[in-house]
Amino acid sequence: MKALILWQFSDVERAAGAGSPGAGASGMPDPAVPLPPGGGASLGAMNQSGAKAPALTVADVVAMVEAAAPPHLAAPWDSNRLICGDPDEAVASVLLAVDPVASVVQEAIETGADMLITHHPLYLRGTDHVSAADPKGRLVHRLIRNGIALLNAHTTLDAAHGGVAAALAAAVGLRAAVPLEPDSQDPTQGIGRIGALERPTRLRDLAAVVAAALPDSAPGLLVGGDLEATVETVAVSGGAGDSLLEAARQAGADVFLTADLRHHPASEHLEAGRPYLLCGTHWATEWVGLAPLAQRLERAAAARGARLEATVSRIVTDPWVMRLPTGPDSP
Ligand SMILES: [Zn+2]
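Now the structure itself:
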């Protein structure tokens, strides 16, 4: 059984994250600020005026998530929806995570969350069964048995104002970032972001800033290009970014920060010059989009006089749990 890694920011990362240029101005919350623990909130809790706060339902939270990550932004191949759960059930606490995997479902159960909101869908290509004989079906059974609804916001959250791409741009410190591939209906939202650093910097130094701004996991951050080159315009896209290499080049990016880059696309791309490449992990580059959503949900609940505790999971759900240096001198 794969060991679980509970990720925590180090002091170095905390200092770098808090001081990254543009992070505050862009509205991205400091990820080092501990989020309140999930669970523990009881329905009908008293609000500040002493009156009984109205309970939210699963349907209410779905509507709040769809306000933050509008369904019209979804890619045509994607799934962004309530996966299991009763829209009429009450919700006092939600857990947010990148992946709907067993460790995250276990955390939702242990923390007493009423709802799990993940970035990735459980069944992107659909299914014809939810038998507990397979891992995904087993999760559905566990969620339903424990009264936990499961909702996902995938490409809708990628593209949205304040979503994954916007949070990644803020983490890097980009100013006036705009979508790399604007949505046809609303060009102020869309896939990826491109913007300028506060001042030109060496690729080597930008990579250090980005490494400090992302949560840690075994693979870390890979850098491709001339480390001493001066760069200023940066494109970002959380998750797998192969398909956006050319868009980043056409947009004039000096650097493209994404994840999951494969050898041939990356190598052939760099042979033709900029943008240089920063390749984080899929999980890390998307995780940064969860805290802004959690804050937005809590604010939306408070605006209706209701109480909602939104907690971001810190379980690292990268498939990779260890990285070893290679070569004859490696340990
Ligand atoms: Zn993803």
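So the sequence shown is numbered by the UniProt record's numbering: it starts at 1 and just counts up by one. All residues carry an ideal CB built from backbone N, CA and C; glycine is no exception.
task: Helix, strand or coil for Gly-195, going by three-state DSSP, please let me know.
output: Of the three classes helix, strand and coil, the one that applies to Gly-195 here is strand, per DSSP.
- request: Using only the heavy atoms of ligand 1, determine whether one of them is closer than 7 Å to the beta carbon of Glu-286.
  value: yes
message: So if DSSP puts Asn-152 in a beta bridge, which residue, or which two residues, is it bridged to?
response: Thr-118
- prompt: Among residues of its own chain, excluding the 5 on either side of Pro-54, which ones have a beta-carbon nearer than 8 Å to its beta-carbon?
  reply: Arg-304, Gly-305, Ala-306
query: Any heavy atom of ligand 2 closer than 7 Å to the Cβ of His-72?
result: Annotation note on ligand 2: not contained in the displayed structure, which lists ligand 1 as its ligands.
message: Measuring only the C-alpha atoms, how far is Leu-221 from Leu-277?
response: 10 Å
query: Between which two residues does the beta strand (DSSP E) containing Ser-237 stretch?
result: For Ser-237, the enclosing beta strand (DSSP E) starts and ends at 230-240.
Buried or exposed (CB count within 10 angstroms, at least 16 for buried), Ser-184: exposed
query: What's the C-alpha gap between Ala-176 and Pro-292?
result: Near 18 Å, if we compare the C-alpha coordinates of Pro-292 and Ala-176.
message: At a cut-off of 7 Å, would you count Gly-239 as near ligand 1, judging by its Cβ distance to the nearest heavy atom?
response: Indeed, a heavy atom of ligand 1 lies less than 7 Å from the Cβ.
message: Using a Cβ-based criterion (distance less than 7 Å to any ligand heavy atom), does His-120 qualify as near ligand 1?
response: yes
query: In three-state DSSP terms, what is Val-255?
result: strand
- prompt: CB Val-234 to CB Leu-270, shorter than 8 Å?
  reply: no
message: Measuring alpha carbon to alpha carbon, tell me which residue in Ser-267, Leu-157, Ile-109, Val-58 is nearest Thr-285.
response: Leu-157
field: Cβ-Cβ distance between residue 386 and Ala-92 below 8 Å
entry: Absent from the model: residue 386. The displayed extent of the chain is 1 to 331, so no value can be given.
query: How many angstroms separate the CA atom of Pro-70 from the CA atom of Asp-216?
result: 29 Å
message: I'd like to know if the stretch 78-86 and the stretch 165-180 are in contact, where contact means that at least 3 CB-CB pairs between them fall below 8 Å.
response: Touching, no.
message: Using C-beta distances below 6 Å, list every residue in its chain close to Asp-78, excluding the 5 sequence neighbours before and after it, in chain order.
response: His-154, Thr-155
- prompt: How many angstroms separate the CA atom of residue 332 from the CA atom of Ala-108?
  reply: Given a span of 1 to 331 for the chain in the structure shown, any question on residue 332 remains unanswerable.
- prompt: For Leu-227, does the count of other Cβ atoms within 10 angstroms reach 16, so buried, or fall short, so exposed?
  reply: Per the 10 Å Cβ criterion, exposed.
query: Can you name the residues that DSSP bridges to Ser-243?
result: Answer is none; Ser-243 lacks a bridge partner.
query: Taking contact to mean at least 3 C-beta pairs separated by less than 8 Å, is the stretch 127-140 in contact with the stretch 185-200?
result: no
message: Could you tell me the alpha carbon to alpha carbon distance between Gly-241 and Ala-266, rounded to whole angstroms?
response: Answer to the nearest angstrom: the Cα atoms are 10 Å apart.
field: For Glu-309, three-class secondary structure by DSSP
entry: Note: Glu-309 maps to strand in three-state DSSP.
- prompt: Tell me which same chain residues have a C-beta within less than 8 Å of the C-beta of Asp-88, skipping the five on either side of it?
  reply: Thr-57, Val-58, Ala-59
- prompt: What did DSSP end up calling residue 345 once you bin it into helix, strand or coil?
  reply: Residue 345 lies beyond the residue range present for the chain, which begins at 1 and ends at 331; the question has no answer from this structure.
field: Nearest-angstrom beta carbon gap, Ala-301 and Leu-290 [assumed within contact, 8 Å]
entry: Rounded, the Cβ-Cβ distance is 17 Å, inconsistent with contact.
Alpha carbon of Asp-99 to alpha carbon of Asp-318, nearest angstrom: 9 Å
field: Assumed close pair Ala-94, Ile-117 - CB separation to whole angstroms, cut-off 8 Å
entry: Residue 94 is actually Val in this sequence, not Ala. 6 Å between Cβ atoms; contact.
query: Just how far apart, CA to CA, sit Val-316 and Trp-283?
result: 8 Å
query: Going along the chain, which residues of its own chain have a beta-carbon closer than 6 Å to the beta-carbon of Leu-203, five neighbours each way excluded?
result: Gly-225, Leu-227, Ala-229, Val-231, Tyr-276
- request: Please state whether DSSP places Val-209 in a helix, a strand or coil.
  value: Judged by DSSP in its simplified three-state form, Val-209 adopts helix.
query: Rounded to whole angstroms, how far is the Cβ of Ala-149 from the Cβ of Asp-114, which I believe are closer than 8 Å?
result: 7 Å
Separation of Ala-208 from Gly-239, as counted between CA atoms: Taking the straight line from one Cα to the other gives about 19 Å.
Assumed close pair Leu-139, Ala-294 - CB separation to whole angstroms, cut-off 8 Å: Between Ala-294 and Leu-139 the Cβ distance is about 21 Å, and since that is not below 8 Å, they are no contact.
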